[in-house]
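A.B. asks: Residues in the sequence shown are numbered from 1 upward in steps of one, following the UniProt record's numbering.
Glycine is no exception: its CB is placed at the ideal position from the N, C-alpha and C atoms.
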Amino acid sequence: MPQLNTIYIFLIYIWTWLMLHLIMQKTKALSINKTQATMLNTKLQKLTLTPPWT
1 MPQLNTIYIF LIYIWTWLML HLIMQKTKAL SINKTQATML NTKLQKLTLT
51 PPWT
């Protein structure tokens, strides 16, 4: 098996961290969207007034 050059190891390191960063950003954006949607639903439910005869 040939020896790995230092530049290849460095490129693999950078590529791995870039992929992890992108995955974390994507999951953070998804979780923010989900919390905003649930907050919007709760706000809408709070804004709708229930009549006293129900």
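1) With H, G and I counted as helix, E and B as strand and the rest as coil, what does DSSP make of L18?
2) Quick one: grab the DSSP three-state call for L4.
3) Quick one: what's got a C-beta closer than 7 Å to I23's C-beta in the same chain, skipping five residues either side?
C.D. replies: Looking at the atomic coordinates:
1) helix
2) coil
3) none
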